[in-house]
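Novice: Chains A and B supply the protein sequences, listed in that same order. Residues in the first sequence are numbered consecutively from 0, following numbering that gives the first Met the number 0. Residues in the second sequence are numbered consecutively from 0, following numbering that gives the first Met the number 0. C-beta atoms are modelled at their ideal positions from N, C-alpha and C, and glycine is treated no differently. One structure is given below, represented as structure tokens, and several questions about it will come after.
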Amino acid sequence: MTTPQPEFLPGTLYLLILRTLASGPMHGYAIAKRIRAASRDALAVEEGSLYPALNRMLVKGWLAAEWGVSETNRKARFYRLTPAGRKQLHQEAAEFNRLIAAIGLVMKEA
Amino acid sequence: MSWFQQLSNKANHTRSRESFDESLAEEIRLHIEERAEELRSTGMPEKQAFEQARREFGNTVHAAEQSREAWRWTWIEDLARDLRHASRALRKEPGFAATAIVSLALGIGLNTTIFSLTSEFLFSQPSVRDPGTLMAVQFGGSTQLPFREYKFVRDSRIFDGLAGENPMQEVNWRIAETSRRLFVTRITENYFDVAGVPVAQGRGIAVNERNVAVVSHRFWQSRLAGTAGVLGTVLILDGVPHTIVGVLPRGHRTLIGFGYAPDLYLPLPNENTSVSVFGRIPADQNAAGMRERMKTIAAELDRVYPQPSTRYSDRISLTSLVGVERLNRGFLTTVTAFFGLMLGVSALLLLIACANVASLLLARASARTQEFAIRMSIGAGRGRLIRQLLAESLLISLLGTAAGLLMNYGLTRVMNRLEVALPFPVQLAITPDWRLLLYASVVSVAAAVAAGLLPALKSTRGGANTLLKSGEHQVGGRATVRNLLVAGQLAVSVVVLIIAALSIRNLVAAASLDPGFDLRQTAWAQMRLVPEAYPEPARARAFVASTLDQLRGLPGITSATIAVFVPLNDHFATRTRTVYSEATRNGLRLEHSWNAVGPDYLRTMGIPLVAGREFRALDREGSQSVLIVNEAFARQVFGDANPLGRTLRFGRDDQNEKTIVGVARNSKYSTIGEKDRPAVYEAFLQVGAARGNLNFLIRSSGPPQEMLKPLAAALLKADPAASIDAKPMQGATAFALLPSRMGAGLLGTTGVLGLALASVGLYGVLAYSISRRTREIGLRMALGAQRGQVLRLVLQEGAWILGLGLAAGGLISMLITRPLVRFLVPGLQPTDPASYLLVALVLVAVGFAAGLRPAARALRIDPLRALRYE
Chain A
0 MTTPQPEFLP GTLYLLILRT LASGPMHGYA IAKRIRAASR DALAVEEGSL YPALNRMLVK
60 GWLAAEWGVS ETNRKARFYR LTPAGRKQLH QEAAEFNRLI AAIGLVMKEA
Chain B
0 MSWFQQLSNK ANHTRSRESF DESLAEEIRL HIEERAEELR STGMPEKQAF EQARREFGNT
60 VHAAEQSREA WRWTWIEDLA RDLRHASRAL RKEPGFAATA IVSLALGIGL NTTIFSLTSE
120 FLFSQPSVRD PGTLMAVQFG GSTQLPFREY KFVRDSRIFD GLAGENPMQE VNWRIAETSR
180 RLFVTRITEN YFDVAGVPVA QGRGIAVNER NVAVVSHRFW QSRLAGTAGV LGTVLILDGV
240 PHTIVGVLPR GHRTLIGFGY APDLYLPLPN ENTSVSVFGR IPADQNAAGM RERMKTIAAE
300 LDRVYPQPST RYSDRISLTS LVGVERLNRG FLTTVTAFFG LMLGVSALLL LIACANVASL
360 LLARASARTQ EFAIRMSIGA GRGRLIRQLL AESLLISLLG TAAGLLMNYG LTRVMNRLEV
420 ALPFPVQLAI TPDWRLLLYA SVVSVAAAVA AGLLPALKST RGGANTLLKS GEHQVGGRAT
480 VRNLLVAGQL AVSVVVLIIA ALSIRNLVAA ASLDPGFDLR QTAWAQMRLV PEAYPEPARA
540 RAFVASTLDQ LRGLPGITSA TIAVFVPLND HFATRTRTVY SEATRNGLRL EHSWNAVGPD
600 YLRTMGIPLV AGREFRALDR EGSQSVLIVN EAFARQVFGD ANPLGRTLRF GRDDQNEKTI
660 VGVARNSKYS TIGEKDRPAV YEAFLQVGAA RGNLNFLIRS SGPPQEMLKP LAAALLKADP
720 AASIDAKPMQ GATAFALLPS RMGAGLLGTT GVLGLALASV GLYGVLAYSI SRRTREIGLR
780 MALGAQRGQV LRLVLQEGAW ILGLGLAAGG LISMLITRPL VRFLVPGLQP TDPASYLLVA
840 LVLVAVGFAA GLRPAARALR IDPLRALRYE
């Protein structure tokens, strides 16, 4: 955890959370773990910003939350995508891809 | 996602606020435990794993705070929560809270009361429909227009209605055997219609109606006992029955405003009069367009009714009845300046009160340094702390404002009922209105910021570490900011006190000014005749002559006379005329007081006769025209030559040459403050107009109070239809002192309040400084300091603050009190040394008193106990 973390592009934390939850409901720690694993430890969500982000997404209506039981048999709050959240994911993913492609073009040209 | 959806999400969330905090904590706990479990599975010992997981998560409070933030109802909710916290904090320290709230309540109470008074007096709207489009109309620079001309303009229909009034008229109301003088506003027949004056009962006066009256609420309540069936009641006014057709609502305000409150509205008795004219601006016109139309009409007026000396088309004006426009003329600028002064002084007082609260907050904040340090170290941002502290000062100021508004309500109710010693009835109708509420909220927020910002910034400066380290453990640290604050507060109170001292000195000086007459044995009977009963001046003069004879015959009366003007009670007794005499052949333009008086006037008023004789009963119509002048007049016209027997004329065309028969000592005429004004007296029985009011003056051998009854009875016998007001002259000069009294009363009260507030502040800062330096003083005493040295140490600090405040305040006062000279009697300067000395002495005394208790406490400090705290 001591290796310097690349800065997230603004707004990408939402995108990462949306994408992670697309495969099914998950609790907070699992989301952080999944993002780290999927990025092969390159991206670590700071815990300090994860929960505020989740709450902001609840306010926006992209996520819903309910209490369930974790794999370790403990009471945990599971977040899942709402239809609005799924729409948001598609929109943001498309925008993100366009942006990455554009940056790629610039990098190639320069 | 729409903002509306977000709001409804938040709303749903709000209902389960309690469980949110719990579940968030649960979630965070789970997160850390899962991470610890994971670390443990890699072989880390349990305790170490848990601690690492904790560390990795970072600041849980911060995360929780940020998560809550997402659901927050923006600033309203923040504010409500901060205020809730603040009220809890204040409840814990009721002594502090009460002192702060009372300080602000006094400051805001006085400030808003002055505001209410100013707003009522200068900016109240007359009780008419749509006051913005009703304007005062003037042709030829005169406020009055002859009725004929008024009708001409009215019938030209350039206005959407043109009405006229004659305010400050009088009428005799006959009740049983006596008559009472009432104040009335005479109006043109269309007045109620054009102005749209609201009526509480009945109706206004209608077109072509004669012998009807609309009465004021006060008249109905106090004179007619507030009876329900008052409509249709008949009043005998100047001998003619009038039927009451309407009652005005409470709080009715007249067109001329300034609190003038007539008892009745009556139709004009005839068209042989002049009226003040008010016009309704048509909806499709503005003031500029109307002035153009007025010019056209004025040219017509000059053609149809040419005047010898003036032209109606000169100096046409159309002025608003509301706002600043009407304040910009004549004596009103002084009145306006006075209210400006009062507002300024009350703002200074509020500033003192704010400084008090600020220094209390500062003291409290430094006692809470540890608390702030701890809160900052567990993640509260500085902004958050400042917001919390400002919320506390806002709460204090809101409570102070509420209490201040209660004070305002109480004081203004008293003012509304106050009977002021003016020659005409005045009633204020101050009610809390939106202007007051707006002003109070602005003042409240400004006070909160003024009192709270500095302490909040100062006490949170430097972050957690500095705060934890510094604070109470310091030895010999000086609360410089507080000291400067108190010095500033003292400086402001010096200014307030000097203004107060000047106003009181002014009252004393004005009251002890020699008016130039002796009224201890003089009484004044104001007699109003029904004008229609004396159509020719000669008949009225004959009445006066015979009445004077009867008065002289009364036992206990040594002399009786009559005067057109009673000195110090009328501002209209000044004339500017050109004097032609042997000494001034080319004419001397001279402003002088004028009066027409009866025989024995000087003796009755106690004015010394310097040379020649008084008027006699023989100085009447047909005999040689005679004149008495005062010394100032004689000196200006004749120099050192003897004026007796000289003749003079007023104006080149004056056919009536007058002979000077007497010279009177200078006295006061219009105001108590004037100095050596030239004055002339003409003989009443030669020139007196004698319509309406007659001022009979008598000198008695005993106390004048005993003569009032026989005097009134004798006058009533002379004309049973007259109304008579008899009073001792001594009280009659009260009117002349009214402005000085009002100034001294209001400013003196403000000064005393300011002094009280500032001394509380000084006491607070000294007491606090001692408590802060307990250890230092203990240490010094342990090291052998004598009691005297300790005392000096303590008093030195107080003396520094006091000296600084006095010097700064004195300098500021010298700079800003210069314009006060217009309110002061001649001879009294704004830099009056006695006032400055007095204020300095009072403040030093108060400073000493404030320092006594803290100093005594310092002497009682036990070195051993003080050091043990370390």
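What in chain A is Cβ-close to B/I27, meaning under 9 Å?
Specialist: Stepping through the second sequence from its first residue, residue 27 of chain B is reached at position 28. Ordered by position in chain A, the residues that pass the 9 Å Cβ test against B/I27 are G27, E46 and Y50.
Novice: Measuring straight from C-alpha to C-alpha, what distance separates B/V152 and B/V211?
Specialist: Sequence index remark: in the second sequence, residue 152 of chain B carries index 153 (1-based). Sequence index remark: in the second sequence, residue 211 of chain B carries index 212 (1-based). Using only the alpha carbons, I get a separation of about 26 Å.
Novice: Which ranges does the alpha helix (DSSP H) cover as unbroken runs of at least 4 residues, wholly within the segment 266 to 304 of chain B, from first to last along the chain?
Specialist: 286 to 303
Novice: For a contact defined as C-beta to C-beta under 7 Å, what are the partners of B/A62 on chain A?
Specialist: Here residue 62 of chain B corresponds to residue number 63 of the second sequence, with the count starting at 1. What B/A62 touches in chain A: E46, G47, Y50 and P51.
Novice: Kindly identify the DSSP beta-bridge partner or partners of B/F695.
Specialist: For the purposes of this step, residue 695 of chain B is identified with residue 696 of the second sequence, where counting begins at 1. B/F695 is bridged to B/A524 and B/I561.
Novice: Is B/E55 close to chain A, meaning its C-beta is less than 8 Å from at least one C-beta of that chain?
Specialist: Position 56 of the second sequence, counting from 1, holds the residue named residue 55 of chain B. It does: the Cβ of B/E55 has a partner Cβ on chain A nearer than 8 Å.
Novice: Please confirm whether B/D237 and B/V543 have their CB atoms less than 8 Å apart.
Specialist: Taking the first residue of the second sequence as position 1, residue 237 of chain B is located at position 238. Taking the first residue of the second sequence as position 1, residue 543 of chain B is located at position 544. Not in contact: B/D237 and B/V543 (Cβ atoms no closer than 8 Å).
Novice: Between A/F77, A/T81 and A/A100, which lies nearest to A/H26 when the distance is taken from Cα to Cα?
Specialist: Residue mapping note: residue 26 of chain A aligns to position 27 of the first sequence, counting from 1. Cα-wise, what sits closest to A/H26 is A/F77.
Novice: In the DSSP output, what is B/T184 paired with across the bridge?
Specialist: Taking the second sequence and counting its residues from 1, the one referred to as residue 184 of chain B is at position 185. Bridge partners of B/T184: B/Y264.
Novice: Does DSSP put B/R87 in a helix, a strand or coil?
Specialist: The sequence position of residue 87 of chain B within the second sequence is 88, counting from 1. In the three-state reduction of the DSSP assignment, B/R87 falls in the helix class, which pools H, G and I.
Novice: What are the residues of the segment 32 to 53 of chain B that lie near chain A, defined by any Cβ-Cβ distance shorter than 7 Å?
Specialist: E33, R34 and E36
Novice: Residues of chain A with a CB under 9 Å from the CB of B/E68: which are they?
Specialist: For the purposes of this step, residue 68 of chain B is taken as residue 69 along the second sequence, with counting starting at 1. What B/E68 touches in chain A: P51, N54 and R55.
Novice: Expressed to the nearest angstrom, what Euclidean distance is found between the alpha-carbon atoms of B/N189 and B/S316?
Specialist: Locating residue 189 of chain B in the second sequence gives position 190, where the first residue counts as 1. Locating residue 316 of chain B in the second sequence gives position 317, where the first residue counts as 1. Approximately 22 Å between the Cα atoms of the pair.
Novice: Just checking: is the beta-carbon of B/S22 within a distance shorter than 8 Å of some beta-carbon in chain A?
Specialist: As a working note, residue 22 of chain B is residue 23 in the second sequence. Output row for B/S22: interface = yes.
Novice: Which whole-angstrom value is the C-beta distance of A/P51 and B/Q488, which I expect to be below 8 Å?
Specialist: For the purposes of this step, residue 51 of chain A is taken as residue 52 along the first sequence, with counting starting at 1. For the purposes of this step, residue 488 of chain B is taken as residue 489 along the second sequence, with counting starting at 1. Between B/Q488 and A/P51 the Cβ distance is about 45 Å, and since that is not below 8 Å, they are no contact.
Novice: Any beta carbon from chain A within less than 8 Å of B/Q426's own beta carbon?
Specialist: As a first step, residue 426 of chain B is located in the second sequence; it is residue number 427 there, counting from the start. No, its Cβ sits nowhere closer than 8 Å to a Cβ of chain A.
Novice: Entirely within the segment 565 to 652 of chain B and at least 3 residues each: give me those beta strand (DSSP E) ranges in chain order.
Specialist: 573 to 580, 587 to 596, 608 to 611, 625 to 629 and 646 to 649
Novice: Can B/A849 and B/L792 be called in contact, C-beta distance under 8 Å?
Specialist: Position 850 of the second sequence, counting from 1, holds the residue named residue 849 of chain B. Position 793 of the second sequence, counting from 1, holds the residue named residue 792 of chain B. In this structure, B/L792 does not lie closer than 8 Å to B/A849 by Cβ.
Novice: Give a yes or no on whether the C-beta atoms belonging to B/G701 and B/V662 are separated by under 8 Å.
Specialist: Stepping through the second sequence from its first residue, residue 701 of chain B is reached at position 702. Stepping through the second sequence from its first residue, residue 662 of chain B is reached at position 663. No, the Cβ-Cβ distance between B/G701 and B/V662 is not below 8 Å.
Novice: Below 8 Å CB to CB, which residues in the same chain sit around B/A721 once its five sequence neighbours on both sides are set aside?
Specialist: Looking up residue 721 of chain B in the second sequence gives position 722. Around B/A721: N171, S178, M526, R527, L528, V529, L714 and L715.
Novice: Quick one: grab the DSSP three-state call for B/G826.
Specialist: In the second sequence, counting from the first residue as 1, residue 826 of chain B sits at position 827. Here B/G826 sits in coil by DSSP.
Novice: Given B/P307, which residues of its chain have a CB within under 7 Å of its CB, disregarding the five upstream and five downstream residues?
Specialist: As a first step, residue 307 of chain B must be located in the second sequence, where it is residue number 308. No residues qualify anywhere along the chain.
Novice: What number of angstroms, rounded off, separates the C-alpha of A/T2 from the C-alpha of A/M56?
Specialist: Position 3 of the first sequence holds residue 2 of chain A. Position 57 of the first sequence holds residue 56 of chain A. Residue placement at A/T2 cannot be trusted, given a pLDDT of 38 that sits under 50; the coordinates are not used to answer.
Novice: Which class does B/D724 belong to by DSSP, given the choice of helix, strand or coil?
Specialist: Taking the second sequence and counting its residues from 1, one reaches residue 724 of chain B at position 725. In the three-state reduction of the DSSP assignment, B/D724 falls in the strand class, which pools E and B.
Novice: Mark A/K32 as exposed unless 16 or more other C-beta atoms lie within 10 angstroms of its C-beta, in which case mark it buried.
Specialist: As a working mapping, residue 32 of chain A is identified with position 33 in the first sequence. That one is buried.
Novice: Output, in chain order, the set of chain B residues within a Cβ distance shorter than 8 Å of A/A75.
Specialist: Start at 1 with the first residue of the first sequence, and residue 75 of chain A comes out as number 76. Within chain B, the residues near A/A75 are E26 and L29.
Novice: Helix, strand or coil for B/W219 per DSSP?
Specialist: Numbered from 1 along the second sequence, position 220 holds the residue referred to as residue 219 of chain B. In the structure shown, B/W219 sits in a helix (DSSP, three-state: H, G or I).
Novice: Do you know how far the Cα of B/G140 is from the Cα of B/R314?
Specialist: Residue numbering aside, residue 314 of chain B sits at position 315 when the second sequence is read from its first letter. Residue numbering aside, residue 140 of chain B sits at position 141 when the second sequence is read from its first letter. Going from the Cα of B/R314 to the Cα of B/G140 covers about 5 Å.
Novice: Tell me, please, whether the CB atom of A/V58 is closer than 8 Å to any CB atom in chain B?
Specialist: Residue 58 of chain A sits at position 59 when you count from the first residue of the first sequence. It does: the Cβ of A/V58 has a partner Cβ on chain B nearer than 8 Å.
Novice: Considering just the uninterrupted stretch of the alpha helix (DSSP H) at A/K107, what are its terminal residues?
Specialist: For the purposes of this step, residue 107 of chain A is taken as the residue at position 108 of the first sequence. From DSSP, the alpha helix (DSSP H) with A/K107 extends over P82 to E108.
Novice: On the DSSP bridge assignment, give the partners of B/S178 in chain order.
Specialist: The residue you call residue 178 of chain B lines up with position 179 of the second sequence. DSSP, once it has assigned bridges, lists B/R173 as partnering B/S178.
Novice: DSSP on B/L456, reduced to helix/strand/coil?
Specialist: For the purposes of this step, residue 456 of chain B is identified with residue 457 of the second sequence, where counting begins at 1. Correct three-state label for B/L456: helix.
Novice: What three-state label does DSSP hand B/K657 in the structure shown?
Specialist: Numbered from its first residue, the second sequence carries residue 657 of chain B at position 658. Three-state result, B/K657: strand.
Novice: Could you name the residues of the same chain whose beta carbon sits closer than 6 Å to that of B/P853, not counting the 5 residues immediately before and after it, in chain order?
Specialist: Taking the first residue of the second sequence as position 1, residue 853 of chain B is located at position 854. Cβ neighbours of B/P853 beyond the five flanking positions: L765, A766 and I769.
Novice: Taking 8 Å as the CB-CB cut-off, is A/T110 touching chain B?
Specialist: Nothing about residue 110 of chain A can be reported from this structure: the residues present for chain A run from 0 to 109 only.
Novice: Does the beta-carbon distance from B/T603 to B/I697 come in below 8 Å?
Specialist: Taking the second sequence and counting its residues from 1, the one referred to as residue 603 of chain B is at position 604. Taking the second sequence and counting its residues from 1, the one referred to as residue 697 of chain B is at position 698. Going by C-beta atoms, B/T603 is nearer than 8 Å to B/I697.
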